[in-house]
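Sequence positions in the sequence shown follow numbering that gives the first Met the number 0 and run 0 to 401.
One structure below.
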Amino acid sequence: MQRLTNRQIVLGITGGIAAYKSAELTRILKGAGADVRVVMTAAATEFITPLTMQALSGHQVHQHLLDPEAEAGMGHIELAKWADMVLIAPASADFMARLDNGHGNDLLTTICLATEAPIVLAPAMNQAMWRDPQTQANARSLQQKNIRLLGPGVGEQACGDTGPGRMLEPTQIAQQAADLFDLGLLCGKRVFITAGPTREALDPVRYISNHSSGKMGYALAEAAIDAGAQVTLISGPVNLPAPQRCEVIRVESAEQMLDASLQNISQCDIFIASAAVADYRPVSIAEHKMKKGNEEIMELHLVKNPDIVATVAGLERKPFTVGFAAETQNVVTYAQGKLVRKNLDLIIANDVSRSDIGFNSDDNAVTVVSRHHVKPLPLSSKRQLAGQLIEMIASQYETAEE
Ligand code: PMT
0 MQRLTNRQIV LGITGGIAAY KSAELTRILK GAGADVRVVM TAAATEFITP LTMQALSGHQ
60 VHQHLLDPEA EAGMGHIELA KWADMVLIAP ASADFMARLD NGHGNDLLTT ICLATEAPIV
120 LAPAMNQAMW RDPQTQANAR SLQQKNIRLL GPGVGEQACG DTGPGRMLEP TQIAQQAADL
180 FDLGLLCGKR VFITAGPTRE ALDPVRYISN HSSGKMGYAL AEAAIDAGAQ VTLISGPVNL
240 PAPQRCEVIR VESAEQMLDA SLQNISQCDI FIASAAVADY RPVSIAEHKM KKGNEEIMEL
300 HLVKNPDIVA TVAGLERKPF TVGFAAETQN VVTYAQGKLV RKNLDLIIAN DVSRSDIGFN
360 SDDNAVTVVS RHHVKPLPLS SKRQLAGQLI EMIASQYETA EE
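Have a look at this one:
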């Protein structure tokens, strides 16, 4: 079920005794790495409580269309846009009829109307209701509209009847839903990314740092998540929102960034060092704010910081390790030197002498350097570039693993 990693699933629950199985389904989807937001119809809440579903999904359950508080949080249009899939399990005969007729008189039908994500139903009802010609016509019509039906299964029913109409088991639903997603390039891989600057404290109010905004690293994290990876973003202080579906470890100094990078490093498949780490830090941090003296020149004593990416690349079982090289001259040649010196698998050379790319800009242009190839990637947004970089990293990683 690796295809479920990082997928955003709206799980719709309609009124039926099989609703109790939606609790297990939520657990399985979450366990497979999906983020699940539950939407319940009024009838569904007669069978299973929103509190149960909230506890299992880890999010507030959405129930009402005209609830200003809920709409102010994540409204129905946002939910519809957020979803990679709208999965309705159980889907009652009534819900199927309303969906087929394009109703939008409750939250779940409205989300179905508004979403561009695939809609998948796991029908569940009494066998006579399922066999009813109108339900059969609705099922056919829904399928013609590209709505997928999973099941129903055949067997003993809660009402004592036997026949078709049983909801599939939660594991079957989760597996079949997973099969509808493409396998991402980095599906199931663990990727650690360092991003942003480090701050090296001089005293309680001053520090040495640089102009890195974190935009390149955060864009790489988003692209890796979209490619199906489980991402840990180790971030210096930046003003960017944390990407969703990603673990973010916030740090200040290079030493903290090293500690965070080495935590669980044995589980890391690909390490990408995009952070602008301070090469030196003050030898000591003054306990109190340093006072201005009479001298015109002040001397600072600095000590070398640990090299994070070189430490990772020097591990006995090192992950596939990718560095960046921020250079103002001889960009490719210097990058090639760092590739070899730091024992990297790949390095991304960044000309930071230009003000339109590199530090703190929305765009970038880089050259990807491996031991055998040099490939320039022209100017584009950091988001677009991150997608291209992740594709190249995934392909080089795969070659290295073979
Ligand atoms: O954050 P943005 O504003 O989006 O800007 C993006 C960027 C310009 C910061 C980014 O694209 C970039 O070039 N990052 C690397 C910056 C850098 O510190 O380069 P460097 O040539 O000094 O370091 C080489 C490599 O060693 C880098 O991967 C760096 O993360 C790593 N390093 C350096 C020093 C150190 N003590 N530990 C390290 O891991």
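Ideal placement from N, C-alpha and C gives every residue a C-beta, glycine not left out.
These numbers were taken from a predicted model, which means no experiment stands behind them.
Given a cut-off of 8 Å on the beta-carbon distance, is the pair residue i and residue j in contact?
{"i": "V311", "j": "H300", "result": "no"}
{"i": "K32", "j": "A222", "result": "The amino acid at residue 32 is misidentified as Lys; the sequence shows Gly. No, Cβ-Cβ distance for G32 and A222 is not below 8 Å."}
{"i": "L185", "j": "A228", "result": "yes"}
{"i": "M39", "j": "Q62", "result": "yes"}
{"i": "F323", "j": "N304", "result": "no"}
{"i": "P318", "j": "D258", "result": "no"}
{"i": "Q395", "j": "V368", "result": "no"}
{"i": "V37", "j": "S56", "result": "yes"}
{"i": "G235", "j": "E246", "result": "no"}
{"i": "A123", "j": "A90", "result": "yes"}
{"i": "I417", "j": "V153", "result": "No answer is possible for residue 417: the residues shown for the chain start at 0 and end at 401."}
{"i": "D355", "j": "S379", "result": "no"}
{"i": "S273", "j": "A194", "result": "yes"}
{"i": "I172", "j": "A88", "result": "yes"}
{"i": "A22", "j": "T44", "result": "no"}
Closest to residue i by CA distance: which of the options is it?
{"i": "G15", "options": "D278, T4, T48", "result": "T48"}
{"i": "P169", "options": "M0, G386, V365", "result": "M0"}
{"i": "A69", "options": "L106, S352, W81", "result": "L106"}
{"i": "I233", "options": "R244, S211, M256, I224", "result": "M256"}
{"i": "Q328", "options": "S352, V230, G322, S211", "result": "S352"}
{"i": "A41", "options": "I12, L112, M84", "result": "I12"}
{"i": "G187", "options": "G30, L10, T193", "result": "G30"}
{"i": "D181", "options": "V365, H58, R2", "result": "R2"}
{"i": "P377", "options": "Q175, A364, V230, W81", "result": "A364"}
{"i": "I264", "options": "G164, I118, E315", "result": "E315"}
{"i": "Q174", "options": "V119, I146, T197", "result": "V119"}
{"i": "D99", "options": "P242, C111, L141, H372", "result": "L141"}
When we look at the beta-carbon of residue i and count the other beta-carbons within 10 Å, is it buried (16 or more) or exposed?
{"i": "V308", "result": "buried"}
{"i": "Q135", "result": "exposed"}
{"i": "Q156", "result": "buried"}
{"i": "K381", "result": "buried"}
{"i": "T398", "result": "exposed"}
{"i": "R340", "result": "exposed"}
{"i": "T332", "result": "exposed"}
{"i": "P132", "result": "exposed"}
{"i": "H75", "result": "buried"}
{"i": "M297", "result": "exposed"}
{"i": "K374", "result": "exposed"}
{"i": "K20", "result": "buried"}
{"i": "G421", "result": "Coverage of the chain is limited to positions 0 through 401, which leaves residue 421 absent and any answer about it impossible."}
{"i": "L24", "result": "buried"}
I think residue i touches residue j, with their Cβ atoms under 8 Å apart; what is that distance to the nearest whole Å?
{"i": "L201", "j": "A285", "result": "7 Å"}
{"i": "E199", "j": "A253", "result": "7 Å"}
{"i": "L388", "j": "L219", "result": "6 Å"}
{"i": "L149", "j": "L167", "result": "6 Å"}
{"i": "L345", "j": "I392", "result": "7 Å"}
{"i": "F46", "j": "A18", "result": "4 Å"}
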